[in-house]
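**Student:**
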Amino acid sequence: MEINKKANNKVKKLVRNEFNSNIQTYIICGVVLVVLGIFSFLCTLNISARNHYIIYLVIMSIASVVAGLGILVGGIYHSICKRELFKKHIDEISFGVEASVKSALLGFPDPIVIVETDGTIQWYNQEFTDICEPDELHGINIQEIFPSIRIVDFIDDDSVTKPFSYNGRDFMLMGKKTRTEYESAEYELISISFVDISEVTRLRNQLDEKQTVVCTAIIDNYDEVLRETPTSNHGVLIGDVERCIGIWVERGEGFYRKYERDKFIILFESAKFDLLLAEKFSVLNEIKEIDQQNKIPVTLSIGVGMDAEDIKENDRMSLSALEMALGRGGDQAVVKSADGYSFYGAKSLGVEKTTKVKARVVAKNLCNMIDKASNVIIMGHRGCDFDSFGTSVGLFRAVVNRGKKANIALDRNHNNVGVILKEALIHSEYNEGIVSLDKAVTLLGMNTLLIVVDTHRAGMVEYPELLEKAKNVVLIDHHRRSEDFIEDTALTYHEPYASSASEMVAEVFQYMEDEKGLSLLEAEALYCGIYLDTKGFTFKTGARTFEAAAYLRKMGVDPVRVHKLFRNDISTYIQKSNIISNTKIYRGNIAMAVCESVSKNLQLVVAQAADDLLDISNVEASFVLALVGNKVIISGRSLGGINVQVVLEKLGGGGHSTIAGAQLENTSISIAELKLKNAIDEVLFD
Ligand SMILES: [Mn+2]
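In this text, residue positions in the sequence shown follow the numbering used here: the first is 481, and each later residue adds one.
1. Does the beta-carbon of Asp1091, which I'm using as the reference point, lie nearer than 6 Å to any heavy atom of ligand 1?
2. Who pairs with Lys567 in a beta bridge, going by DSSP?
3. For a test of the three-state rule: what should DSSP assign to Met926, helix, strand or coil?
4. For Arg563, which residues of its own chain have a beta-carbon under 6 Å away from its beta-carbon, when the five flanking residues on both sides are left out?
5. On the criterion of 16 or more Cβ atoms from any shown chain inside 10 Å, does Thr711 qualify as buried, or is it exposed?
6. Say the cut is 6 Å; is the CB of Asp867 nearer than that to a heavy atom of ligand 1?
7. Between the Cα of Ile551 and those of Gly1121, Gly510, Ile622, Ala543, spot the shortest distance and give me the residue it belongs to.
8. Please indicate yes or no: does the CB of Ser962 lie closer than 6 Å to some heavy atom of ligand 1?
9. Tell whether a beta-carbon distance below 7 Å holds between Ile1114 and Ala1142.
10. Just tell me which of Ile1050, Glu661, Ala801 has its CA closest to the CA of Ala818.
11. At 3 residues or longer, and completely inside the region 676–731: list those beta strand (DSSP E) runs for me, N to C.
12. Considering only residues of the region 1047–1134, which uninterrupted alpha helix (DSSP H) runs meet the minimum length of 4 residues and lie entirely inside it, listed in chain order?
13. Specify, as a first and last residue, the run of the beta strand (DSSP E) that Leu955 falls within.
14. Is any heavy atom in ligand 1 found nearer than 6 Å to the beta carbon of Phe994?
15. May I have the straight-line CA-CA distance separating Lys1130 from Ala878, to the nearest angstrom?
16. Does the region 666–676 come within contact of the region 591–599, defined as at least 3 CB pairs closer than 8 Å?
17. Kindly indicate which residue of Gly576, Asp636, Gly587 has the alpha-carbon position closest to the one of Asp598.
18. Measuring only the C-alpha atoms, how far is Gly820 from Val784?
19. Between the Cα of Thr681 and those of Phe644, Thr660, Leu717, spot the shortest distance and give me the residue it belongs to.
20. What residues match up with Leu971 in a beta bridge as DSSP calls it?
21. Whose CA, out of Ile698, Phe608, Asp571, lies closest to the CA of Leu586?
22. Thinking just about the alpha-carbon of each residue, which of Lys743, Val694, Thr696, Glu733 is nearest to the one in Ile718?
23. Buried or exposed: where does Met1072 fall if 16 or more other Cβ atoms within 10 Å of its Cβ makes it buried?
24. Going along the chain, which unbroken runs of the beta strand (DSSP E) with 3 or more residues stay wholly within the region 848–873?
25. Since Ala751 contacts Phe869 with CB under 8 Å, what's their CB separation in whole angstroms?
26. By Cβ distance, which residues of its chain are closer than 7 Å to Asp700, with the 5 residues on each side in sequence left out?
27. Could you spell out where the alpha helix (DSSP H) holding Thr609 opens and where it closes?
28. Please tell me whether Tyr900 and Leu875 are closer than 7 Å, where the distance is taken between their beta carbons.
29. How is Phe744 classed by DSSP in three states: helix, strand or coil?
30. According to DSSP, is Glu482 helix, strand or coil?
31. Among Thr1063, Leu687, Asp610, which residue has its Cα nearest to the Cα of Arg649?
32. Taking its Cβ as the centre, do 16 or more other Cβ atoms sit within 10 Å of Asn774, making it buried, or is it exposed?
33. Quick test of your reading: Leu929 and Asn952, contact by CB under 8 Å. State the CB separation rounded to the nearest angstrom.
34. Which residues does DSSP pair with Ala751 in a beta bridge?
35. Please determine if the region 859–866 and the region 930–940 are in contact, where contact requires at least 3 C-beta pairs separated by less than 8 Å.
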């Protein structure tokens, strides 16, 4: 209303100015005529020559005065009359507009409230009382009625929309701030209209609930299980697997189709699938309980794609989730949605694949790529260990044997392979071949092949800059898949079932049709890699591990000499014993030890201490925490029953189900210990 009045006044002022200038014109014209008339009359009196023309002059003078007076009086009168008429007309129009705005506001179908900038209610319409208690609301603060409305939100901007829910209804709040004058003071008022969008929200939710969730499931170990099951039971075993999946799918009111012999495509409606998410893929455990005299349990991996724009995208996401599940060792479900990946299950160990087809295919491809490349650079992970080093020198030999120039990108000053590296550097080809970042960058050309080994995380490699610059990348790794997997590789050989990267390379090497073979140093380095990652052929050791070791033994590796490489000096041994002496047992079968002294090879001591804690009877898993600067490093080990990877992933770490680690920045050891205990409780006892 105020604005309207203001506009009216403005129009009136304009009209007034217009009419005033009209009156001024009339006055000037009138006065000029009167003065001219009087002047000419006076002139006639003084004219001496009196003739009969003088009479005309007198008549004209009088006429001029009369006309001047007429214009003066008539013009002003006419203008004033017209002005009043116009004013009346404008008043009539503005009254009409004001009345119709008023009635429109009063009859507005949505609730409207006008408040002051502190939230005090000034005015509201009938509909507004429908959404709150119909009491007298004038002068009450709107934030008392609706605590979730923040009036500040509407002050900062002139025009604001905000979602708002009350009493089961959904609204879109449209706030508009206006300034107004009253008795020459300025006021700010905010009008808020409540547009009811409950129906839109309901329809949108309905649409979301009906979205299709795409699952792709695969039996991890179809061949292995059937081989370990009496032939007469094959039929019932497969029947049981399908029934198990069928019952699970039925619980989510979805449907499935089997394709190939061990794969399933399953579709659900989003709302129903939430129930299955809530029970955390119990089908993973149900399927493992199938007993048709199979010596190893059937395990299932499921990849789920949901929340995408369309079903095609969901399908694509389901396949990449499945790849992630398999990359982490299978026997788990991975859900990929707009929020990223989430993981379910995976409490058992991965099962070794007995087929070597993949190793043979990889060997062939790798040979082709080496032959096509101008030169090859091999790079392991930061803080190079025996596995990373063994893999690097093994591949170094393979490349050199094919007549190509090879280099290993490695920091000679920061690694954990001191003794064996010193031996390698005695040979001139390694002394020249092992290069630091500066040199490696100059060697990197358009056709250079970069082989990344023993890690698949871009942030973990020895020199991330080198990886960024490289055009052709091959990836060889055995770690369970984590999220920052190096993408866009020309070839990826990722085998989470393998004990070590050294085992994988020893295998690939045998398929490379290499007559020159490995030198003793390289065979020993590869053997050391396997020895390290399996803790002396104990953990994660499959039949293929021994086959690779047998090949290396044939090359002349002396196991006693290797064992000697793994012995500790006296100070390390004492430090390790100190850590172990602090051990406490948590929840009956988890050994936890804390180390607060700082030493130069602390990381190594911590890892070894965690290994040794598994030698205590009844202990299933061990964790050692150590303070380094302002961060706490945690090393986790397991015999297989407890998945330490899943525990330490909760703290931002990663690794394998039996060997994992984590680093907590800016924290104390006691807080880290508390967080670790929470993570253990969450994973094992929920
Ligand atoms: Mn390794």
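All C-beta atoms, glycine included, are put in the ideal place defined by N, C-alpha and C. None of these values were measured; they are calculated from a predicted model.
**Tutor:** In short, the structure shows the following:
1. no
2. For Lys567, which the question treats as bridged, DSSP gives no partner whatsoever.
3. coil
4. Phe499
5. exposed
6. yes
7. Gly510
8. no
9. yes
10. Ala801
11. 692–699
12. 1050–1061, 1082–1093, 1124–1129
13. 952–957
14. Reading off the sequence shown, one finds Asp at residue 994, where the question assumed Phe. No, the beta carbon of Asp994 sits no closer than 6 Å to any heavy atom of ligand 1.
15. 40 Å
16. yes
17. Asp636
18. 11 Å
19. Phe644
20. Val954
21. Phe608
22. Lys743
23. buried
24. 855–859
25. The Cβ separation is near 53 Å, so there is no contact.
26. Thr779, Leu780, Ser781, Gly810, Asp811, Val831
27. 606–611
28. The sequence shown places Ile at residue 900, rather than the Tyr named in the question. No.
29. strand
30. Any answer about Glu482 is weak, because its pLDDT of 47 lies below 50 and its placement is not dependable; what the coordinates show is given next. Of the three classes helix, strand and coil, the one that applies to Glu482 here is helix, per DSSP.
31. Asp610
32. buried
33. 5 Å
34. According to DSSP, Ala751 bridges with nothing at all.
35. yes
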